[in-house]
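Participant: Please see the structure below; I have some questions.
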Amino acid sequence: MRFANIVRLRLRSLFSRTAVEQELDEELQYHLEREMEAHAAAGLSPEQARGKALASIAGYEQRKEECRDMRGLNLLDNLVQDIHFAIRQLRKNPGFTSTAIFMLALGMCAAVAIFAFVDAALLKPLPYRDSTRLVGVYETVPMFPRSNLSYHDYLDWKKLNTVFSSLDVYQRRGYLLRTAAGLQAARGARISDGFFRTLGVSPVVGRDFYAGEDLPSAAHTVMLSYGAWQKRYGGKNDVVGQTVELDGVSATIIGVLPSDFHFPLAEPAEFWTTMHATGDCDLRRSCHSLYGVARLKDGVSIDAALSNVQAIAKQLERQYPESNRNQGATLTMLSDVIVGDIRPILLVLLGGAGLLLLIAGVNIASLLLVRCESRRREIAVRSALGAGRVRLVRQFVTEGFVLVAAGSALGLTAAYWTIQALLKLIPADILARMTFLNGLGLNLRVMLFAAAISALALGLYAITPTLRLSLAEMREGLAEGSRGSAGVFWRRLGTKLVVVELATAVVLLVGAGLLGKSLYHLLRVNLGMQPERLATMSVAAPKSGYDKDEQAIVLARSVLSRLSTLPGVQSAGIASQLPVTSNGNTTWFRVVGRPHNGGHEEAPERQVSPTYFPTAGARLIRGRYFTESEDKSRPPVGIINQAMAARHFPNEDPVGKRIYYISHAQEPIEIVGLIENIKEGPLDTDIPPVLYIPFNRSPDRFFSVIVRTSQDEQSLLPTLTAAVRELDPDIVTTTATMRDRIDDSPSAYLHRSSAWLVGGFAALALLLSIVGLYGVVAYSVSQRTREIGVRMAMGAQPGSVYGLILKEAGWLTVLGLVFGLGCAIVAATLMKGLLFGVRSWDLATLAAVAVVLGLASLMASFIPARRAASVNPVEALRSE
Amino acid sequence: MSRPTDLVQGTLDLLILTVIALEPMHGWAIAQRIHQISGEVLQVGQSALYPSLHKLEQNGWISSEWAVSDNNRRAKYYTLTRAGRKALAQEAAQWERLAAAISLVVRAV
Numbered sequence: 012m013r014f015a016n017i018v019r020l021r022l023r024s025l026f027s028r029t030a031v032e033q034e035l036d037e038e039l040q041y042h043l044e045r046e047m048e049a050h051a052a053a054g055l056s057p058e059q060a061r062g063k064a065l066a067s068i069a070g071y072e073q074r075k076e077e078c079r080d081m082r083g084l085n086l087l088d089n090l091v092q093d094i095h096f097a098i099r100q101l102r103k104n105p106g107f108t109s110t111a112i113f114m115l116a117l118g119m120c121a122a123v124a125i126f127a128f129v130d131a132a133l134l135k136p137l138p139y140r141d142s143t144r145l146v147g148v149y150e151t152v153p154m155f156p157r158s159n160l161s162y163h164d165y166l167d168w169k170k171l172n173t174v175f176s177s178l179d180v181y182q183r184r185g186y187l188l189r190t191a192a193g194l195q196a197a198r199g200a201r202i203s204d205g206f207f208r209t210l211g212v213s214p215v216v217g218r219d220f221y222a223g224e225d226l227p228s229a230a231h232t233v234m235l236s237y238g239a240w241q242k243r244y245g246g247k248n249d250v251v252g253q254t255v256e257l258d259g260v261s262a263t264i265i266g267v268l269p270s271d272f273h274f275p276l277a278e279p280a281e282f283w284t285t286m287h288a289t290g291d292c293d294l295r296r297s298c299h300s301l302y303g304v305a306r307l308k309d310g311v312s313i314d315a316a317l318s319n320v321q322a323i324a325k326q327l328e329r330q331y332p333e334s335n336r337n338q339g340a341t342l343t344m345l346s347d348v349i350v351g352d353i354r355p356i357l358l359v360l361l362g363g364a365g366l367l368l369l370i371a372g373v374n375i376a377s378l379l380l381v382r383c384e385s386r387r388r389e390i391a392v393r394s395a396l397g398a399g400r401v402r403l404v405r406q407f408v409t410e411g412f413v414l415v416a417a418g419s420a421l422g423l424t425a426a427y428w429t430i431q432a433l434l435k436l437i438p439a440d441i442l443a444r445m446t447f448l449n450g451l452g453l454n455l456r457v458m459l460f461a462a463a464i465s466a467l468a469l470g471l472y473a474i475t476p477t478l479r480l481s482l483a484e485m486r487e488g489l490a491e492g493s494r495g496s497a498g499v500f501w502r503r504l505g506t507k508l509v510v511v512e513l514a515t516a517v518v519l520l521v522g523a524g525l526l527g528k529s530l531y532h533l534l535r536v537n538l539g540m541q542p543e544r545l546a547t548m549s550v551a552a553p554k555s556g557y558d559k560d561e562q563a564i565v566l567a568r569s570v571l572s573r574l575s576t577l578p579g580v581q582s583a584g585i586a587s588q589l590p591v592t593s594n595g596n597t598t599w600f601r602v603v604g605r606p607h608n609g610g611h612e613e614a615p616e617r618q619v620s621p622t623y624f625p626t627a628g629a630r631l632i633r634g635r636y637f638t639e640s641e642d643k644s645r646p647p648v649g650i651i652n653q654a655m656a657a658r659h660f661p662n663e664d665p666v667g668k669r670i671y672y673i674s675h676a677q678e679p680i681e682i683v684g685l686i687e688n689i690k691e692g693p694l695d696t697d698i699p700p701v702l703y704i705p706f707n708r709s710p711d712r713f714f715s716v717i718v719r720t721s722q723d724e725q726s727l728l729p730t731l732t733a734a735v736r737e738l739d740p741d742i743v744t745t746t747a748t749m750r751d752r753i754d755d756s757p758s759a760y761l762h763r764s765s766a767w768l769v770g771g772f773a774a775l776a777l778l779l780s781i782v783g784l785y786g787v788v789a790y791s792v793s794q795r796t797r798e799i800g801v802r803m804a805m806g807a808q809p810g811s812v813y814g815l816i817l818k819e820a821g822w823l824t825v826l827g828l829v830f831g832l833g834c835a836i837v838a839a840t841l842m843k844g845l846l847f848g849v850r851s852w853d854l855a856t857l858a859a860v861a862v863v864l865g866l867a868s869l870m871a872s873f874i875p876a877r878r879a880a881s882v883n884p885v886e887a888l889r890s891e
Numbered sequence: 002m003s004r005p006t007d008l009v010q011g012t013l014d015l016l017i018l019t020v021i022a023l024e025p026m027h028g029w030a031i032a033q034r035i036h037q038i039s040g041e042v043l044q045v046g047q048s049a050l051y052p053s054l055h056k057l058e059q060n061g062w063i064s065s066e067w068a069v070s071d072n073n074r075r076a077k078y079y080t081l082t083r084a085g086r087k088a089l090a091q092e093a094a095q096w097e098r099l100a101a102a103i104s105l106v107v108r109a110v
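For the protein sequence lines, the chains are A and B, in the order given. Per the working numbering, residue 12 is the first one in the first sequence, and the count goes up by one each step. Per the working numbering, residue 2 is the first one in the second sequence, and the count goes up by one each step.
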């Protein structure tokens, strides 16, 4: 009660100042009047009464001031005064002030911007109910640790498991959407009916799929993403019940998903349709096309669940040895599935930003130390004049507060723009999949993180000078020429700090060097083809008119012949899937006449046209390419890559050998060619054995075209689109140059972004630490001017003065390098997973960093050394 | 005129608390009452009175409100709070002890 009252009064003093002042005035005025009345009553004349009353109230303003003091109003005034004084002090020293603000802003910008990404990707929970109970469900095969489920396996797992409260599946896919403007490509996913219930997501408009709605007998229905609803239907509520034509099938819209819902594993998805398992793949237990997501039952751990599904997989393996041999099972936390790939990169970047912040902090600390030196006399005078220690410390805190406020404001603004810029640098289709980055920005958690940095910085700004100025030293500061001991103190601490800075810069430089080298290796990895002057186009033809094999073959032929006649085009070829996408779409095979070891031999399979290899610039090592006439009517033929030859036909000529699909043992495939390894999967993966078969044997209305041109391939892209549109406006195409596809592929992007960002951090760190070193050496020279003067007067040559200074800087650099390289090797070992084609103790990188840092610090110390060598002994001795 | 230094530190607070323990009073009246009760020995000038009043109010020992005074004008009346009553008891006891101790010393010499 009393406490509440006091708080109320304090707040009133603080916020209703005018009212408080008025009352104070009125109260004293009342007293004055009563005083006058009393004197008048005692018989004095009004004038005399007034004069006497006024005299008794001598120092009216002082009384008010005392009352204000008692009310605590002056605390506030003093603070304002302190701030004014701090700003005046800081403005007197624009060099120090701007450097201190800039350092903090820089460190803060880097740390906050990266933390915003870390927060969005790693800290913010997934937008599902109880998202930590969700797991990704996969089969495993030797080639893919997380492989798809087949539809029948899914049904069995769903039926037999005792650990999931629900298990559902999804398959990301593209649709050809009928719109008023013709057919369009649209992305979406095919899911089982309980998918959204498993995630714990309910539609904002309409209803969820009901149980059984994914069966072939059910009517076709579709759920819209919020984005699709807004973009394609203007966000109107009557969308439910409308029909939409997807891939020639008419489906009824039943609902709209919430705006914050996203499922990065299938994004960008606009249309969510149900399974309707009727296709060839769904009906075969050996065809794996689905990913599972399940909710663990309460109290069931992921390990317990894993042993349960593994037991089911074993049981199915016994039951269906033909299809389920070697098919294991694995579970992964859904959050790990979604952000597992970028987590290490983000952590490395956060580490880099943290190190940069450390360097900035160390630089600030040494700046403050130097400033303390130059303010020793001022502080000593002030304390001699009666400023208490508390009062002095309050001044430091206030100055620190002003610096931190300015630095933080600048840093946060810069961080905001940095985040926007970084988002712009992410290729559009990668960003579309990283839906967890939606709404990325300075949210509450990020602001708290920034506030923590500010608080640390404030501590640094306030504590460093406070520690530095023990009372004893303040007294000493008044004595003339008493800089000897202080100089030693400063040199020792400043020296240690600059070693930390240099070592940190080394760590960042080594990290940047290794990541840069990885990127270099990655982008120059042997692709087995010539990506320059190569345009690519993916073609999707509608079901009506192109569904039959013959129709697809005719389409492929006419596309190729049309494109080949375009000006500048040298050749064109077709493949079911472009290089540098994935190692998926595999098939099981065996080699004719080889004993079978029990496991499945698995290899990616690609359907290619006869002109594909020459157009891609792939080298045929043996045998021949396919011919146009090799279709279903002819005996099957295949071309294999070197990896398959090395694995299955070591030391023999594979051409003429025969292999067979395990599903078609009676129809062996004759190997007619051996091609150099082409990178089919991501850049940073090894090339597995690959089997190529003629496109005409297994044609499809979805395929990719590559076009070799003699001119700029970028300018050819619109021509390609127009040419195919001429054939049939209903065919949907997307184009890109092969170079762009490679450079924008996820693995290249992740390596590139981490290399550039860490490189940027390293460059800044190098700059800051060299400035720090320069500061230390220059300060030391300025403190030793007299000593140097004496030495020179005694006959020391400029050369030996150079040596004196450079030796000091050299020692610091060597210490920094040794510590830094040690830490760098540890740091590089920690981020081994991000390196490609380079070891964590890459000697060339370490040596290059040593040379760069050595040269930079030589330059930084050369300037003060020259100043030292050009000291005029007479003047040096005369000064002080 | 009596500066607070004339009084033992904290004595003025004790006087104020004692006087307004009887009834709510405004500043001038408090000064008058102290003057009267002390047999016109203690004259509390407003230079000491008002800072003391504001401090006591900030301490939560007294509270204030505006009311119409005996001469029909608005004046700020101070009242003892519960915390103030407790403080008064303590201060008074403290004072008794101190005064007794001093008089012992003075008589002994």
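Here a beta-carbon is modelled for each residue, glycine too, at the ideal position from N, C-alpha and C.
I want to verify the contact list: residues of chain B whose CB lies under 9 Å from the CB of R61(A), in sequence order.
Facilitator: For the purposes of this step, residue 61(A) is taken as residue 50 along the first sequence, with counting starting at 1. None at all; the shortest Cβ gap to chain B is about 16 Å.
Participant: Identify the residues that DSSP records as bridge partners of A627(A): which are they?
Facilitator: For the purposes of this step, residue 627(A) is taken as residue 616 along the first sequence, with counting starting at 1. Note: A627(A) sits in no beta bridge, so no partner.
Participant: To the nearest angstrom, how far is it from the Cα of S892(A) to the Cα of G595(A)?
Facilitator: In this structure chain A extends from 12 to 891, so residue 892(A) is not present and cannot be described.
Participant: Between A76(B) and chain A, is any beta-carbon pair separated by less than 7 Å?
Facilitator: What you label residue 76(B) is simply residue 75 of the second sequence in a count that begins at 1. Yes, A76(B) counts as interfacial toward chain A.
Participant: In chain order, what residues of the same chain have a beta carbon less than 8 Å from the beta carbon of V457(A), not counting five sequence neighbours either side?
Facilitator: Here residue 457(A) is taken as the residue at index 446 of the first sequence, counted from 1. Excluding positions up to five away in sequence, the list reads V123, F126, A127 and D130.
Participant: Nearest CA to the CA of V683(A): which residue from S674(A), P621(A) and A462(A)?
Facilitator: In the first sequence, counting from the first residue as 1, residue 683(A) sits at position 672. Comparing Cα positions, the closest option is P621(A).
Participant: Check distances from the C-beta atoms of the segment 38-54 of chain A to those of chain B and list, in chain order, the residues that come in under 9 Å.
Facilitator: From the segment 38-54 of chain A, only E38, L39, Y41, H42, L43, E44, R45, E46, E48 and A49 have a Cβ closer than 9 Å to chain B.
Participant: Decide if the segment 648-661 of chain A is in contact with the segment 723-738 of chain A; the criterion is three or more beta carbon pairs, one per stretch, under 8 Å apart.
Facilitator: The segment 648-661 of chain A vs the segment 723-738 of chain A: no contact.
Participant: So, at 8 Å on beta carbons, what are the nonlocal neighbours of I689(A) in its own chain, with the 5 sequence-adjacent residues on each side left out?
Facilitator: Within the first sequence, residue 689(A) is the residue found at index 678, counting from 1. L538, G539, M540, P590, A627, A629, N652, I698 and V701.
Participant: Within 10 angstroms of the Cβ of L18(B), are there 16 or more other Cβ atoms? Answer buried if so, exposed if not.
Facilitator: One-based indexing of the second sequence puts residue 18(B) at position 17. Buried, since its Cβ has 16 or more Cβ neighbours within 10 Å.
Participant: Could you give the residue range of the alpha helix (DSSP H) that holds Y302(A)?
Facilitator: The count along the first sequence starts at 1 and reaches residue 302(A) at position 291. Note, Y302(A): premise wrong, no alpha helix (DSSP H); beta strand (DSSP E) at H299 to L307.
Participant: Which two residues bound the contiguous alpha helix (DSSP H) that contains N652(A)?
Facilitator: Position 641 of the first sequence, counted from the first residue, corresponds to residue 652(A). Not the alpha helix (DSSP H): N652(A) falls in the beta strand (DSSP E), residues V648 to N652.
Participant: For R4(B), decide whether its Cβ has a neighbour in chain A, counting only Cβ atoms nearer than 7 Å.
Facilitator: Here residue 4(B) corresponds to residue number 3 of the second sequence, with the count starting at 1. Annotation note: pLDDT 41 at R4(B) (below 50); position unreliable, coordinate value reported separately. It does not; no Cβ of chain A falls within 7 Å.
Participant: Are the CB atoms of A551(A) and F713(A) within a distance shorter than 7 Å?
Facilitator: Working through the first sequence from its first residue, we reach residue 713(A) at position 702. Working through the first sequence from its first residue, we reach residue 551(A) at position 540. The answer is yes: Cβ separation under 7 Å.
Participant: Roughly how far, in whole angstroms, is the beta-carbon of Y78(B) from the beta-carbon of R74(A), given that I think they are within contact range, below 8 Å?
Facilitator: Sequence index remark: in the second sequence, residue 78(B) carries index 77 (1-based). Sequence index remark: in the first sequence, residue 74(A) carries index 63 (1-based). Between R74(A) and Y78(B) the Cβ distance is about 19 Å, and since that is not below 8 Å, they are no contact.
Participant: When the Cα atoms are used, what is the spatial distance from Q431(A) to G422(A)?
Facilitator: Mapped onto the first sequence, residue 431(A) falls at position 420. Mapped onto the first sequence, residue 422(A) falls at position 411. When rounded, the distance between both Cα atoms is 14 Å.
Participant: At 8 Å on the CB atoms, spell out the chain A contacts of W29(B), in chain order.
Facilitator: In the second sequence, the residue the question calls residue 29(B) occupies position 28. Ordered by position in chain A, the residues that pass the 8 Å Cβ test against W29(B) are Y41, H42, R45 and E46.
Participant: For K77(B), does the three-state DSSP call read helix, strand or coil?
Facilitator: Position 76 of the second sequence, counted from the start, is the residue given in the question as residue 77(B). If DSSP states are grouped into helix, strand and coil, K77(B) belongs with the strands.
Participant: I need the straight-line Cα distance from Y703(A) to E681(A), nearest angstrom please.
Facilitator: The sequence position of residue 703(A) within the first sequence is 692, counting from 1. The sequence position of residue 681(A) within the first sequence is 670, counting from 1. Straight-line Cα distance between these residues: approximately 11 Å.
Participant: According to DSSP, is M805(A) helix, strand or coil?
Facilitator: Mapped onto the first sequence, residue 805(A) falls at position 794. In the structure shown, M805(A) sits in coil (DSSP, three-state: anything other than H, G, I, E or B).
Participant: Helix, strand or coil, according to DSSP, for H273(A) in the structure here?
Facilitator: Walking along the first sequence from the start, residue 273(A) turns up at place 262. Reduced to three states, the DSSP call for H273(A) is coil.
Participant: To the nearest angstrom, report how far apart G223(A) and V216(A) are at their CA atoms.
Facilitator: Position 212 of the first sequence, counted from the start, is the residue given in the question as residue 223(A). Position 205 of the first sequence, counted from the start, is the residue given in the question as residue 216(A). Distance between the alpha carbons of G223(A) and V216(A) is about 21 Å.
Participant: From Y181(A) to S158(A), what does the alpha carbon distance come to, in whole angstroms?
Facilitator: If you number the first sequence from 1, residue 181(A) lands on position 170. If you number the first sequence from 1, residue 158(A) lands on position 147. The alpha-carbon atoms of Y181(A) and S158(A) are separated by roughly 13 Å.
Participant: Under 7 Å between the Cβ atoms of T730(A) and T744(A)?
Facilitator: The count along the first sequence starts at 1 and reaches residue 730(A) at position 719. The count along the first sequence starts at 1 and reaches residue 744(A) at position 733. The answer is no: Cβ separation not under 7 Å.
Participant: Output yes if chain B places a C-beta closer than 7 Å to the C-beta of E32(A); else output no.
Facilitator: By 1-based counting over the first sequence, the position of residue 32(A) is 21. Not closer than 7 Å to any Cβ of chain B, the Cβ of E32(A) fails to qualify, so no.
Participant: Taking the straight line between their C-alpha atoms, what separation do you get for M47(A) and P105(A)?
Facilitator: Stepping through the first sequence from its first residue, residue 47(A) is reached at position 36. Stepping through the first sequence from its first residue, residue 105(A) is reached at position 94. Answer to the nearest angstrom: the Cα atoms are 57 Å apart.
Participant: For chain A, is any of its Cβ atoms less than 7 Å away from the one on Q51(B)?
Facilitator: As a first step, residue 51(B) must be located in the second sequence, where it is residue number 50. Sequence check: residue 51(B) is Tyr here, not Gln. Interface residue, yes.
Participant: Quick one: Cα of E66(B) to Cα of L81(B), how far?
Facilitator: Locating residue 66(B) in the second sequence gives position 65, where the first residue counts as 1. Locating residue 81(B) in the second sequence gives position 80, where the first residue counts as 1. For E66(B) and L81(B), the distance between alpha carbons rounds to 12 Å.
Participant: Does chain B have any CB closer than 7 Å to the CB of E410(A)?
Facilitator: Position 399 of the first sequence, counted from the start, is the residue given in the question as residue 410(A). Chain B contact via Cβ: absent.
Participant: What does E77(A) touch in chain B if you count any residue whose Cβ is under 7 Å from its own?
Facilitator: Mapped onto the first sequence, residue 77(A) falls at position 66. P52, listed in chain order.
Participant: From T343(A) to L455(A), what distance separates their C-alpha atoms?
Facilitator: The residue given as residue 343(A) occupies position 332 in the first sequence. The residue given as residue 455(A) occupies position 444 in the first sequence. So the two alpha carbons sit approximately 30 Å from each other.
Participant: Could you tell me how far apart the beta carbons of L442(A) and L433(A) are, in whole angstroms, since I believe they sit closer than 8 Å?
Facilitator: For the purposes of this step, residue 442(A) is identified with residue 431 of the first sequence, where counting begins at 1. For the purposes of this step, residue 433(A) is identified with residue 422 of the first sequence, where counting begins at 1. Wrong, their Cβ atoms sit about 11 Å apart, outside the cutoff.
Participant: Do T446(A) and E278(A) have their CB atoms nearer than 7 Å?
Facilitator: Position 435 of the first sequence, counted from the first residue, corresponds to residue 446(A). Position 267 of the first sequence, counted from the first residue, corresponds to residue 278(A). Cβ atoms of T446(A) and E278(A): closer than 7 Å.
Participant: Taking the beta carbon of P892(A) as the centre, do at least 16 other beta carbons fall within 10 Å, making it buried, or is it exposed?
Facilitator: Past the boundaries of the shown model lies residue 892(A); chain A is included only from 12 to 891, so the question cannot be answered.
Participant: Would you mind stating whether W29(B) and R45(A) have Cβ atoms separated by less than 7 Å?
Facilitator: Locating residue 29(B) in the second sequence gives position 28, where the first residue counts as 1. Locating residue 45(A) in the first sequence gives position 34, where the first residue counts as 1. Cβ atoms of W29(B) and R45(A): closer than 7 Å.
Participant: Any Cβ of chain A within less than 7 Å of the Cβ of H55(B)?
Facilitator: Position 54 of the second sequence, counted from the start, is the residue given in the question as residue 55(B). Output row for H55(B): interface = yes.
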